[in-house]
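Read top to bottom, the protein sequences are chains A and B.
Under this note's numbering, think of the first position of the first sequence as 344, with each following residue one higher.
Under this note's numbering, think of the first position of the second sequence as 344, with each following residue one higher.
There are 2 protein chains.
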Amino acid sequence: MVRYINLFEVPEGRDDEFMAMFLQVNAHMTAQPGYLGHRMHRALAPDARYRYVNYVEWASVDDFKAAHGEEFRALVSKPEWRDFVATPALYDVVHEHSAVSN
Amino acid sequence: MVRYINLFEVPEGRDDEFMAMFLQVNAHMTAQPGYLGHRMHRALAPDARYRYVNYVEWASVDDFKAAHGEEFRALVSKPEWRDFVATPALYDVVHEHSAVSN
């Protein structure tokens, strides 16, 4: 499994517009092979640098790459995305702990 | 529940030093009331802006605040932390989906 973490800068007052754009891309992603799940987060503080963070689990890097093909690029190349700067990267978990499993 | 997401910039070749510092703070955190669990992530790409991302679940904002008191500040004020820039924020989950529950 691999984790995709995408950090979004969203100008003040543009939340609804951003979420509508995100949900279009998200509907595509959740239907792709290897998509395991996601959590979209909104910062409690209105002045947080990254107002939104999407945390996605994919079965493999290959599945992730296959899902980010032409259809994906068409979705995110819409001009409405220009105001929403994204900082994405793929990650492995290197250390974890759960209080529940103690 | 509230999510604390902390993004770390770690200079190349400093991974072991960074993780040793992180584990000191982490050992303190996992013992605090309200700590539910964490996952520490390392980027697959060596040139990712945020080489490490810590994703932590806390029972409440109050628990989170109580855990970040004097003992915490003493740990992160060590000069060794100066080279590791952190960008932290608290988040709520606003949208989620799991393929497993389909």
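Where a beta carbon is used, it is the ideal one built from N, C-alpha and C, also for glycine.
To the nearest angstrom, report how far apart A/SER441 and B/GLN375 are at their CA atoms. On the first sequence, position 98 is the one that residue 441 of chain A refers to. On the second sequence, position 32 is the one that residue 375 of chain B refers to. Taking the straight line joining both Cα atoms gives about 12 Å.
A/LEU387 in three-state terms, based on DSSP: As a first step, residue 387 of chain A is located in the first sequence; it is residue number 44 there, counting from the start. Reduced to three states, the DSSP call for A/LEU387 is coil.
Alpha carbon to alpha carbon, what distance is there between A/GLU413 and B/HIS371? To locate residue 371 of chain B, count along the second sequence from 1; it is residue 28. To locate residue 413 of chain A, count along the first sequence from 1; it is residue 70. Taking the CA atoms as reference points, B/HIS371 sits about 46 Å from A/GLU413.
Within the 8 Å Cβ cut-off, does A/MET364 reach chain B? The residue labelled residue 364 of chain A in the question sits at position 21 within the first sequence. Cβ-Cβ to chain B under 8 Å: no for A/MET364.
For B/ARG385, count the other beta carbons within 10 Å of its own beta carbon; 16 or more makes it buried, fewer makes it exposed. Which is it? In the second sequence, the residue the question calls residue 385 of chain B occupies position 42. So B/ARG385 ends up on the buried side.
One or two residues paired with A/GLY380 in a DSSP bridge: Counting from one through the first sequence, the residue named residue 380 of chain A turns up at place 37. Per DSSP, A/GLU400, B/SER441.
Quick one: give me the first and last residue of the beta strand (DSSP E) that A/VAL345 is part of. For the purposes of this step, residue 345 of chain A is identified with residue 2 of the first sequence, where counting begins at 1. Element bounds for A/VAL345: 345-352.
Taking 8 Å as the threshold (C-beta atoms), are A/TYR395 and A/VAL353 in contact? As a working mapping, residue 353 of chain A is identified with position 10 in the first sequence. As a working mapping, residue 395 of chain A is identified with position 52 in the first sequence. Yes, the Cβ-Cβ distance between A/VAL353 and A/TYR395 is below 8 Å.
When you compare each of B/TYR347, B/LEU379, B/PRO422, B/GLY380 to A/LEU387 by their alpha carbons, which one comes out closest? Within the first sequence, the letter at position 44 stands for residue 387 of chain A. Ranking B/TYR347, B/LEU379, B/PRO422, B/GLY380 by Cα distance to A/LEU387 puts B/TYR347 first.
Inter-residue CB distance, B/MET383 and A/GLU439 (contact presumed, cutoff 8 Å): Walking along the second sequence from the start, residue 383 of chain B turns up at place 40. Walking along the first sequence from the start, residue 439 of chain A turns up at place 96. Indeed they touch by this definition, with Cβ atoms about 7 Å apart.
Per-residue contacts from B/VAL419 into chain A (C-beta, under 7 Å): On the second sequence, position 76 is the one that residue 419 of chain B refers to. Chain-ordered listing is empty here: chain A has no CB closer than 7 Å to the CB of B/VAL419, the nearest sitting near 17 Å.
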